[in-house]
Each structure stands twice: as C-alpha cells, then as structure tokens.
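**Q** Taken in order, the sequence shown gives residues 34 to 462; the numbers are from the working numbering.
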Amino acid sequence: MKRIDLFPITTKIENERLSIAGHDLTNLAEQYGTPLYLYDRATLDAAALEYKSALASYYPAAASITYAGKAFLCLTLAQWTQSHSLTIDCTGEGEIGIAVAAGVPREKILVHGVNKSHADLKSAIKNAATIVVDNLSELHRIKDLFTTTSSPFPDLWLRLLPGVTVTTHHTHTQTGHHESKFGMTREELLNAANFCKENNLPIKGIHFHQGSNFRDPEPLIPAIEMALDLTKEIGFSGEWHFCPGGGWGVAYHEDELPQPLVESYVRGISEAVIEGCTLRGLDLPHLHLEPGRSLVARAGVAMYRVGAVKKRGDKTWLLTDGGMADNPRFALYGARYSCLTVSSPSGEGGERVSIAGPYCESGDIVIEDLLMPNVKEGDLIAIPVAGAYHLSMSSNYNGARKPAVLMLEEGQVLQMLRRETVADLLSKD
Ligand SMILES: Cc1ncc(COP(=O)(O)O)c(C=O)c1O
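1. Using 8 Å as the cut-off, can you tell me whether the stretch 269 to 282 makes contact with the stretch 308 to 325, which would need three or more C-beta pairs spanning the two stretches below that distance?
2. For N168 and A364, I'd like the C-alpha separation in whole angstroms.
3. Taking 7 Å as the cut-off, is the beta-carbon of S22 closer than that to any non-hydrogen atom of ligand 1?
4. Would you kindly report the start and end of the unbroken beta strand (DSSP E) that includes D188?
5. Contact between the stretch 412 to 423 and the stretch 81 to 99: three or more CB pairs below 8 Å?
6. Expressed to the nearest angstrom, what Euclidean distance is found between the alpha-carbon atoms of K461 and V455?
7. What residues in its chain sit with their C-beta under 6 Å from that of E49, if we drop five residues either side in the sequence?
8. Flag P324 as yes when its Cβ comes closer than 7 Å to any non-hydrogen atom of ligand 1, and as no otherwise.
9. Just to confirm the assignment: which complete alpha helix (DSSP H) runs, minimum length 4, are found wholly within the stretch 367 to 421?
10. If you measure from the CB of D167, is any heavy atom of ligand 1 nearer than 7 Å?
11. Rounded to the nearest angstrom, what separates Y392 and V299 at their Cα positions?
12. Per DSSP, what kind of secondary structure is Y285 in: helix, strand or coil?
13. Can you tell me where the beta strand (DSSP E) holding A135 begins and where it ends?
14. If you draw a straight line from the alpha carbon of E140 to that of G127, how long is it in whole angstroms?
15. Rounded to whole angstroms, what is the Cα-Cα separation between Q243 and D359?
16. What residue range does the alpha helix (DSSP H) around V166 cover?
17. So the alpha helix (DSSP H) R219 belongs to, where does it begin and stop?
18. How would you label L193, buried or exposed, when you count the other beta carbons within 10 angstroms and need 16 or more for buried?
19. Cutting at 8 Å between CB atoms, please list the residues of its own chain near I131, excluding the five before and the five after it.
20. Any heavy atom of ligand 1 closer than 7 Å to the Cβ of H242?
21. Looking only at DSSP bridge pairs, what is C276 linked to?
22. Please name the residue, chosen from R219, E287, G136 and K343, that lies closest to Q115 on a Cα-to-Cα basis.
23. Is the separation between the beta-carbon of V438 and that of Y100 shorter than 8 Å?
24. Just checking G279 against ligand 2 - is the residue's beta carbon closer than 7 Å to any of the ligand's heavy atoms?
25. From what residue to what residue does the beta strand (DSSP E) around M449 run?
26. Check whether the Cβ of K85 lies closer than 7 Å to any heavy atom of ligand 1, and answer yes or no.
27. Less than 7 Å between C-beta atoms, sequence neighbours within five positions excluded: which residues of the same chain meet that for S425?
28. Cβ atoms of A330 and V399: under 8 Å apart, would you say?
29. On the three-state DSSP scale, how would you describe S460?
30. Can you tell me which residues form a DSSP beta bridge with F247?
31. At what residues does the beta strand (DSSP E) containing H117 begin and finish?
32. Going by beta carbon distance, what residues of the same chain come within less than 7 Å of F179, once the five residues before and after it are set aside?
33. Quick one: is the Cβ of K103 within less than 7 Å of any heavy atom of ligand 1?
34. Anyone know if the C-beta pair for G279 and G325 falls short of 8 Å?
35. Smallest Cα separation from G484: which of I388, L373, G390 and A389?
36. Compare the beta carbon distance of K343 and L352 with 8 Å and say whether it is the shorter of the two.
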C-alpha cells in the first residue's frame, strides 16, 4: 500500500504534479495561500454511499445515517449532508445554528451534548426532531421546558454508558468505559425511563457511543446486548430507535492501510441487533448509525508550506506554516499522519523528518519521524486524512487565522470558508 492510497479517491500524480479532482495542488496553494484545506466531493459522496449500500445489504428494517457534525461543520458541508438525506448530530446551540442556517429541516437535526445548557435545550426543542438525553439533571430541565412548550416536541433518546471499553488509538477517544463522563449507567437510565413515563415525556430510543477510531466492531456487541436488555425492560411503545453511535476508524498512515471497511462495521452491528432482537422477542428498531470521521476524514487534505529546515542532532525538523492551531490532534492524542511533497509526490525518501508548525508550543507537532524525500524551504507538503477533527477543533492560538477551506469537484472549486483575517480576530473585542 502506498501513501497516495491515503488521499482522496480522485488524487492523481501526473508529471510529478499532485492533483485532486483535476485541480493542481500547487496552483491552488498559489491562488488561495497556505495553510489550505481541501475537501474532495467525490470522496465524501463515496463514503456516504458506502454506508447506505451496507445498510441496504445487511439491515432489513428502517435505517438512517446521522453525520456527527463535530467532525467538521460549515454551511456547505451541512448542505452536502442533505444531498444524501443524512441527519446531522449537532452538539448544542452553535452547531444547531449552522445546520438551521444551511436549511437543514427539523426532522434531520439530532442534538447531543454531555451537559447541555438551557440555551442548548431551548434551541434543540425549537429546531430538532431528537434530543439524546445525557443525564438525569438534564432530563429534569427538559421536563420543565416540556410543560411550557407547545408541540412538536423532539423525541427523547436516553444515552447509555455501557461500561465497555473499545480499543482506540488513545484513551481520550474512548467514551463508553466505566469511568467515562458520558451517558447514564444502567440504573440511571432505568430511572430516567421511569421519569419519562411518569411525566409523559416522549421517550423513543436508546443511544450509546463507545469511542472514536476503532477498527473492530466486536467489542460493541456486549454494549448492544445491554442496550437491548434495557429496551426489553423499558418496553417502548410503537416504533423505537436504536443508535450504537459512530466511531468507525480510518487509516491515517500507510502502515494502517488498507482502510477499515465500512461494510464490516455495518454488518457486525446489523447482525448483532437482528440476532439480539430475535432472541428477546423485540421488533427490529429503526437503526441509526452516527459516523463522523469515516464519512469525512479521507476527503480532506491539509496543505502547508515549509518555511525552514533545522538539523538538531539526529533530528531534522521541517517547519511549516500550519500546525496545532488548525490540527491539534497530535497535541491531544499523539495522532500519527503521513504526507507527500506536492512538487515531487512520487519521490522516495530520503531521510526521516519531523514536521512542526509555527506556534509557540513544543507540542505543536504535525508528524513525528516520517521517511521523506529531500524537502527544501519553500516546498509544499500535503497531509492526507485531514477532513475530521482538524478545523472543528482549530483555534486562534498565537493569533492564528483559520485557513481557507475549498470543496473540489471536477471543473469546480468552491470556497467553503475564506481565510480569517486580523479584522476577524478583532471583531469580538
Ligand atoms: C455521540 C457521538 N456520536 C458520534 C461521534 C462520531 O465519532 P466518529 O467521528 O469517530 O465516527 C462522536 C464523536 O465523538 C460522538 O461523541
């Protein structure tokens, strides 16, 4: 497997020039500047279709795909979700605001959040079809709003903390283990269900999310079993909804290729749900999958320009114009990446380098220890699998201005977000 296989599906190397969807990356960098983020529409579409076709093959009842907006959300991306009839998972009032401004209808908005504020809940009640309830205190606040709000009121799903760990690349991306801050224990969830019944709150489903960037669906099965046991105990009336979250992984480095198959994830979940329901005499639920990373990560590429090369003992640093302000994933969880030089993308390495950004933090690292061909000051580098949890976790650290973001299609470049300016930094003062 080669490095180029990490890039979007339309990526090509022709005459030592790297292009995506027919657009030459050197030309884009010259026109829009760097750091620059690119999304390939064809790769986004292919990922959504992979989920749809796997669900059609393996799950015989109603099923929906919810895009976890936390991976990256802006108006264009929210509109893209509607071209595939996806629901959007919005964490709180801010993401709900983006979805609403993009024209996403109420029935396609679902709201998450581990400690939703009053404003988050009010916005959810006004704009969303579903609220996933994280805890009992939140449920009491929802009940207070319920009595004062007219219909339609969102469906409520209860978020379970299964207490089961899945293997992810870092403990900070695990959310379903015993000590996790997310969701309700079995006992708390049963109390919440009783509270909903006593107060005529529209309880319609169960949700859990085990973590992010795992590659084996097997550890989800005990959590699915536990959720189905609870479902049986609660006894939903009418159609019920079941969501085992998202979290399916992607390959970030050539060592991790081939890409984990969405099909095996969807198949694993579908089979466990069908078997578990049959055993318990339950009707099949409306199944919801909630991917973020596996829908958008591979479509994204980050482009940086190298401004200096430093030798420090055995180490060679390439210093670039982007780093932890647009991609904090190394600093947060030691994430691994790979990259190609844009001017000689088929060049074989060379030497082992580390790549760091321009910010005043030693943790401002993009890549540690990667074999690269000879890279010089002024060269452009392209980092694949940059579409998820980069820009949505970006900051203005050191006065960084967030990069421009382009959507690429054959014959068309759409600027989804313009580069921030100093005036943007000052606009809130
Ligand atoms: C509740 C919930 N659902 C879905 C996701 C999406 O996870 P991923 O992007 O790994 O698919 C997350 C990510 O943290 C989440 O917290």
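For every residue, glycine included, the Cβ atom is placed at its ideal position computed from N, Cα and C. Please read all numbers here as calculations on a predicted model, not as lab measurements.
**A** The relevant details are as follows:
1. Flag = yes, the stretch 269 to 282 and the stretch 308 to 325 touch.
2. Straight-line Cα distance between these residues: approximately 30 Å.
3. Residue numbering for the chain in the displayed model covers 34 to 462; residue 22 lies beyond these limits and cannot be assessed.
4. DSSP places D188 inside the beta strand (DSSP E), whose first and last residues are D188 to R192.
5. As far as the Cβ criterion goes, the stretch 412 to 423 does not touch the stretch 81 to 99, which means the pair count is below three.
6. A straight-line Cα-Cα distance of about 11 Å links K461 and V455.
7. Short of 6 Å from the beta carbon of E49, and not among the five residues preceding or following it, lie these beta carbons of its own chain, in chain order: S377.
8. Yes - ligand 1 has a heavy atom lying nearer than 7 Å to the Cβ of P324.
9. As summarised for the stretch 367 to 421, there are no continuous alpha helix (DSSP H) elements at least 4 residues long confined to that stretch.
10. D167 has its CB no nearer than 7 Å to any heavy atom of ligand 1.
11. Cα to Cα, Y392 sits roughly 40 Å from V299.
12. Residue state, collapsed to three classes: coil.
13. Premise fails: A135 is in no beta strand (DSSP E) and is neither H nor E.
14. Roughly 18 Å between the two C-alpha positions.
15. Cα to Cα, the separation comes out at about 26 Å.
16. Looking at the DSSP string, V166 is not in any alpha helix (DSSP H); the run it does join, the beta strand (DSSP E), is T163 to V166.
17. Under the DSSP assignment, R219 falls in the alpha helix (DSSP H) whose first and last residues are R219 to E231.
18. Answer is buried; the Cβ neighbour count reaches 16.
19. Sequence-distant Cβ neighbours of I131 in its own chain, meaning closer than 8 Å and more than five residues away, are G102, L106, C107, L108, A111 and C123.
20. The beta carbon of H242 sits closer than 7 Å to at least one heavy atom of ligand 1.
21. Partner(s): H240.
22. Selected option, being the one with the closest Cα: G136.
23. Against a cut-off of 8 Å, the Cβ pair of Y100 and V438 comes out as no contact.
24. Questions concerning ligand 2 fall outside what the structure shown contains, since the ligands it does hold are ligand 1.
25. For M449, the enclosing beta strand (DSSP E) has its first and last residue at Q445 to L450.
26. No, since every heavy atom of ligand 1 falls outside the 7 Å radius drawn around the Cβ of K85.
27. Excluding sequence neighbours, S425 sits near K103, A104, F105 and L106.
28. No, these two residues do not count as a Cβ contact at 8 Å.
29. Assignment of S460 by DSSP, reduced to helix, strand and coil, places it in the coil class.
30. BP columns for F247 point to W281.
31. Looking at the DSSP string, H117 is not in any beta strand (DSSP E), and its letter there is neither H nor E.
32. Excluding positions up to five away in sequence, the list reads F186 and L234.
33. Because some heavy atom of ligand 1 lies under 7 Å away, the Cβ of K103 counts as near it: yes.
34. In this structure, G279 lies near G325, with their beta-carbon atoms less than 8 Å apart.
35. A question about residue 484 goes unanswered here, because the residues of the chain that appear run from 34 up to 462.
36. By the CB criterion at 8 Å, K343 and L352 fall inside the cutoff.
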